[in-house]
Amino acid sequence: MIEEPVSKYLELLKKECREALAVEFKDKTIVSLSKNEAKKVAEIFKALSNTIRLMIVWILIQNSMPVCLLSAILGVERSLVSHHLRELKENNIVNEEAKGKFKYYYINPRVKDIIQELIVKTLKIQ
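Residue numbers (the working numbering): 504 to 629.
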């Protein structure tokens with residue numbers, strides 16, 4: 504991310520627009536995402552945009568669990584749950600841990616609170 508003055512972009516505007524906005528944006532800055540950073544964030548949102556994946560994430564926010572139990576709760580095939588978990592793992596949203604003969608899946612602690620808050624707040628504004 505790069506912080507830069509908005510005034511840098513005012514120079515690119517036509518005179519009329521530049522003069523109208525010059526005072527308001529004189530001392531303001533913005534933090535821009537690089538294309539690579541924006542792509543990474545977009546991939547995470549894309550991973551969360553699937554209904555089943557979002558339901559998996561919501562369940563795993565509450566408890567870690569194996570594929571077989573997720574499959575039973577969601578009422579879908581284990582292979583479908585595994586497919587969606589793979590997508591979530593690729594985007595560092597979900598991690599796995601072996602416990603006995605099962606792999607337990609859980610939400611990456613770095614994103615857990617953010618995703619939980621996003622879901623809860625989104626439901627409140629509906």
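Where is the CB? At the ideal position from N, CA and C, for every residue including glycine.
Counting along the chain, no beta strand (DSSP E) covers I628; the unbroken alpha helix (DSSP H) around it starts and ends at 612–628.
Residues of the same chain with a CB within less than 7 Å of the CB of V623, apart from the 5 flanking positions on each side, do not exist. By the Cβ neighbour-count rule, Y512 is exposed, with fewer than 16 other Cβ atoms within 10 Å of its own. DSSP assignment within the stretch 546–580 yields the following whole alpha helix (DSSP H) runs of 4 residues or more, N-terminal first: 554–565, 570–577. Proximity to I533 across E514, T554, I505 peaks at I505, based on C-alpha coordinates.
Distance from the CA atom of P612 to the CA atom of E507, rounded to whole angstroms, is 31 Å. Residue pairing by DSSP places S535 opposite I505 in a beta bridge. DSSP, read as helix, strand or coil, puts K604 in coil.
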